[in-house]
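Notes to accompany the following structure.
Numbering (the working numbering), first residue to last: 210 to 405.
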């Protein structure tokens, strides 16, 4: 491997696309005056899961004690620049762990509402940062993208460069996440809405 000899390290699809989607979501929420009432949005970028998920593990150790599992949802965005967005059914290297069906279904409904084409039925034999939240008991899902072979484009290859990213899918992922945030807003009672 020549990664240490390069002036730049490739990683556009994995996972600068996730960072781009997070920044796009932050921009959209700021433009809307913030998240919906009753919703708090935290947008961490935990680093590489390739380092044994150390970034997400550190985030979990520091923040999970103050984030109740019954009211906190986690959406992991990983490698979003391939031609087809997908919500993972499950993932895991040694043991397949399924994401909660209700959350996967919610992601699919929000994708339909946002006009985003989303593939179902995929399982990864890898480990994204979403597994940390899943194992901690949070309602969570991982959104990824794949090519026609059901693989992330240029995954861990020197060709993982910005010019090979499908930016429309990154934008779709951000729109999908914005719709998820909107859908997480607590339902307001009709009487309370009339009094506003």
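Virtual Cβ for every residue (Gly too), placed ideally from N, Cα, C.
(request) Assign residue 283 to one of three DSSP states: helix, strand, or coil. (result) The residue labelled residue 283 in the question sits at position 74 within the chain shown. Three-state DSSP puts residue 283 in a strand.
(request) Using the DSSP secondary-structure output, state which residues sit across from residue 299 in a beta bridge. (result) Against the chain shown, residue 299 aligns to sequence position 90. For residue 299, which the question treats as bridged, DSSP gives the partners 307, 332.
(message) With a threshold of 6 angstroms on Cβ separation, who are the neighbours of residue 222 within its own chain once the five nearest residues in sequence on each side are excluded?
(response) Position 13 of the chain shown, counting from 1, holds the residue named residue 222. Closer than 6 angstroms at the Cβ level, and outside the excluded window around residue 222, lie 288, 290, 362, 363, 369, 374.
(request) With residue 266 as the anchor, note down where its alpha helix (DSSP H) starts and where it stops. (result) Taking the chain shown and counting its residues from 1, the one referred to as residue 266 is at position 57. Note, residue 266: alpha helix (DSSP H), 263–272.
(request) Sort out for me which residues DSSP pairs residue 164 with in a bridge. (result) Lying before the first or after the last residue shown, residue 164 is absent from the chain, which here runs from 210 to 405.
(request) Compute the beta-carbon to beta-carbon distance between residue 235 and residue 341, rounded to the nearest angstrom, for a pair I have assumed lies under 8 angstroms. (result) Translated into positions along the chain shown, residue 235 becomes position 26. Translated into positions along the chain shown, residue 341 becomes position 132. In fact, because the Cβ distance is near 22 angstroms, the residues do not count as touching under 8 angstroms.
(request) Please determine if the segment 270–288 and the segment 342–351 are in contact, where contact requires at least 3 C-beta pairs separated by less than 8 angstroms. (result) yes
(message) To the nearest angstrom, how far is the alpha carbon of residue 405 from that of residue 359?
(response) Within the chain shown, numbered from 1, the residue matching residue 405 stands at position 196. Within the chain shown, numbered from 1, the residue matching residue 359 stands at position 150. The predicted position of residue 405 is uncertain, since its pLDDT is 38 and thus under 50; no value can be drawn from it.
(message) Using 8 angstroms as the cut-off, can you tell me whether the segment 308–320 makes contact with the segment 232–251, which would need three or more C-beta pairs spanning the two stretches below that distance?
(response) no
(message) Closest to residue 281 by C-alpha separation, out of 247, 260, 324, would be which residue?
(response) Locating residue 281 in the chain shown gives position 72, counting from the first residue. Per the Cα distances, 247.
(request) With a threshold of 16 other CB atoms inside 10 Å of the CB of residue 255, please say whether the residue is buried or exposed. (result) For this step, residue 255 is matched to residue 46 along the chain shown. Residue 255 comes out buried.
(message) For a test of your reading of the model: does the CB of residue 250 fall under 7 angstroms from any non-hydrogen atom of the ligand FAD? Yes or no.
(response) Although the ligand FAD was asked about, the structure shown includes no ligands whatsoever.
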